[in-house]
Amino acid sequence: MKVWITTILAAFSLNVHAQNVTIDKDLAYKLVESLTVEVGPRLAGSEADMRSVLWAEQKFTELGFDKVWREPFDMLYWERGQASLKVAAPFHQSLVVTALGGSVGTPFDGINSQVVMFNTLEELKKADASKVKDRIVFINHALEKDIRGGFYGQVVGARATGAVEAAKLGAKALVIRSVGSSNNRFAHTGQMRYEEGIERIPAAAISVPDAQQLSKMLTINPELTLNMQMSNNLPGTVTSHNVIAEIKGSKRPDEIVLISAHLDSWDEGTGALDDGAGVGIVMATAALLKQEKPERTIRVVLFGNEEGGLIGARAYAAKHHQQLHTHVFASESDFGAGRIWRFDTGMGEQALAFARELQKKLAPLGIAMGPNTASGGPDVSMLKAQGVPVASLMQDGTDYFDYHHTPNDTLDKIDPTALRQNLEAWLIMTREIANSQVNLRQ
1 MKVWITTILA
11 AFSLNVHAQN
21 VTIDKDLAYK
31 LVESLTVEVG
41 PRLAGSEADM
51 RSVLWAEQKF
61 TELGFDKVWR
71 EPFDMLYWER
81 GQASLKVAAP
91 FHQSLVVTAL
101 GGSVGTPFDG
111 INSQVVMFNT
121 LEELKKADAS
131 KVKDRIVFIN
141 HALEKDIRGG
151 FYGQVVGARA
161 TGAVEAAKLG
171 AKALVIRSVG
181 SSNNRFAHTG
191 QMRYEEGIER
201 IPAAAISVPD
211 AQQLSKMLTI
221 NPELTLNMQM
231 SNNLPGTVTS
241 HNVIAEIKGS
251 KRPDEIVLIS
261 AHLDSWDEGT
271 GALDDGAGVG
281 IVMATAALLK
291 QEKPERTIRV
301 VLFGNEEGGL
311 IGARAYAAKH
321 HQQLHTHVFA
331 SESDFGAGRI
341 WRFDTGMGEQ
351 ALAFARELQK
361 KLAPLGIAMG
371 PNTASGGPDV
381 SMLKAQGVPV
391 ASLMQDGTDY
401 FDYHHTPNDT
411 LDKIDPTALR
421 QNLEAWLIMT
431 REIANSQVNL
441 RQ
């Protein structure tokens, strides 16, 4: 591994700043390649999750960070089992299915039931219980493509709370059309939730082509019957970790510029886009800025169990609540590896002049100025809620949901050229904020 890091740090080749500092433009790619090849899928709470923690600690150390540590938190562990979904009558076909994260399994013999279809979660909520009782609910809500991924929020509710709403009406199980935009035959997993006092029913997603197929079958024969079998396991509480590393500030070490990604991934792909690319980007950004001796401390946080509901982010915000006044800025990379096209902020009004000047430095990379409504990223939104200024380097998400949460989220989906542009943008943003004296809260 010493040879690996020596090779990386010797490979500086792209001059990006007037200080005559050069960087390895492919460092982010080398890191995500290492993570996805040497660790692979990283389901939170699993043995692979722990291997990813050890991987991160080792890489931070090899990259020369001044301080590296982990912070534990407790979480409920969910383990995927086998899953199958078959049209039992009258068409006798198998559908491509995946269990939703957190779902209970079915009885050993499965669930055999007729199906009732709804186009949206809202339509289900308004349904007559007599039409739902003892049936499998199928929500067939399509996701449209968009550079911002803006339609995701309109569709994902079916995945998150569909099982609760179906159970309230007496349903035996839930099947949703995958929250994805590809016609490839991959089912998209993702976290779902139960509600105290409501029966826990199994929940699964089928691929987009299979959802279209099932819809056509129901048009021909509304009495169609499905057989669902899933053997998921919920072993109980386990410990996972946030992994944290710092480059100490040369002039204002007590002021923290936090950049982040999430280390966990779903278990069916290798988590290259979600969120291996982000891990590579922020680790490389801080490692390469170390040679410039930034004035403020740069802290990299690789959050644990983002996929299970921002569990690591909530733990970090709670643990560091009394110190968040020292966090002058936070941002997260968690939307794949597409080119960055816009710079959104979530800062105080008096800091926006500084933000506009920063955007001018990003403009040669094709990055426009966006609104002052940024969340900073899913995990970082926990910090914004407590007053920490944020920004979002918005990536092109047009194709992101083709691969999101599927077995198809693999390294070959990353465009190295686009990832280099991401790294350059993160270097510019992080450098300018770390070396400024601007109060971004004002």
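In my numbering, the protein residues as written are 1 to 442. Heads up, the beta-carbon is just placed ideally off N, CA and C, and yes, glycines get one too.
With 16 other Cβ atoms within 10 Å as the buried cut-off, status of residue i
i, result
"proline 41", "buried"
"leucine 393", "buried"
"threonine 61", "exposed"
"glutamate 144", "exposed"
"threonine 36", "buried"
"tryptophan 69", "exposed"
"serine 178", "buried"
"glycine 81", "exposed"
"isoleucine 220", "exposed"
"phenylalanine 108", "exposed"
"serine 94", "exposed"
"asparagine 422", "buried"
"serine 375", "buried"
"lysine 25", "buried"
"lysine 319", "exposed"
"glutamate 57", "buried"
"asparagine 184", "exposed"
In DSSP terms, what residue i is bridged to
i, result
"phenylalanine 73", "Ser240"
"asparagine 112", "Asn227"
"glycine 450", "Any answer about residue 450 is impossible in this case: the structure gives the chain only from 1 up to 442."
"glutamate 246", "Lys67, Arg299"
"alanine 261", "Leu302"
"threonine 444", "Outside the shown range of the chain (1 to 442) lies residue 444, about which nothing can therefore be said."
Collapsed DSSP secondary structure at residue i in the structure displayed
i, result
"arginine 339", "coil"
"tryptophan 55", "helix"
"proline 235", "strand"
"phenylalanine 138", "strand"
"phenylalanine 118", "strand"
"isoleucine 281", "helix"
"tryptophan 78", "strand"
"glutamate 332", "strand"
"glutamate 255", "strand"
"asparagine 439", "coil"
"methionine 192", "coil"
"isoleucine 176", "strand"
"valine 21", "Here the model assigns valine 21 a pLDDT of 44, short of 50, so the residue's position is not dependable, and the following value carries that caveat. DSSP places valine 21 in strand when its eight states are reduced to three."
"alanine 83", "strand"
"serine 392", "strand"
"threonine 345", "strand"
Cβ pair residue i, residue j closer than 8 Å
i, j, result
"valine 116", "valine 132", "yes"
"alanine 272", "threonine 410", "yes"
"leucine 27", "alanine 287", "yes"
"valine 224", "valine 137", "Here residue 224 turns out to be leucine, not valine, going by the sequence shown. Cβ atoms of leucine 224 and valine 137: not closer than 8 Å."
"serine 436", "alanine 391", "no"
"phenylalanine 215", "phenylalanine 186", "The identity of residue 215 in the sequence shown is serine, whereas the question assumes phenylalanine. Result no, Cβ atoms of serine 215 and phenylalanine 186 do not sit closer than 8 Å."
"aspartate 334", "glycine 377", "yes"
"isoleucine 139", "alanine 171", "no"
"alanine 337", "aspartate 402", "no"
"phenylalanine 453", "alanine 245", "The requested residue 453 is not part of the displayed model; the chain covers only 1 to 442."
"arginine 299", "valine 328", "no"
"glycine 346", "asparagine 305", "no"
"valine 173", "leucine 100", "With the sequence shown as reference, residue 173 is identified as alanine, and valine is not the correct amino acid for it. No."
"leucine 43", "aspartate 267", "yes"
"tyrosine 77", "glycine 236", "yes"
"glycine 348", "proline 389", "yes"
"threonine 297", "leucine 427", "no"
"arginine 339", "aspartate 396", "yes"
"leucine 85", "leucine 226", "yes"
"methionine 228", "serine 103", "no"
"valine 32", "glycine 280", "yes"
C-alpha gap between residue i and residue j, whole angstroms
i, j, result
"asparagine 20", "arginine 431", "Reliability of the predicted coordinates at asparagine 20 is poor, the pLDDT of 41 falling under 50, and the value obtained from them is presented with this limitation in mind. The alpha-carbon atoms of asparagine 20 and arginine 431 are separated by roughly 14 Å."
"asparagine 242", "glycine 162", "30 Å"
"proline 209", "leucine 124", "22 Å"
"serine 260", "valine 282", "6 Å"
"proline 364", "arginine 148", "21 Å"
"glycine 153", "alanine 166", "20 Å"
"asparagine 502", "serine 52", "A question about residue 502 goes unanswered here, because the residues of the chain that appear run from 1 up to 442."
"methionine 382", "phenylalanine 303", "12 Å"
"aspartate 128", "threonine 106", "25 Å"
"arginine 356", "proline 294", "21 Å"
"histidine 405", "serine 265", "8 Å"
"methionine 369", "glutamine 359", "6 Å"
"glycine 269", "glutamate 199", "30 Å"
"alanine 351", "lysine 67", "30 Å"
"valine 438", "glutamate 47", "43 Å"
"histidine 188", "arginine 252", "45 Å"
"isoleucine 111", "alanine 89", "13 Å"
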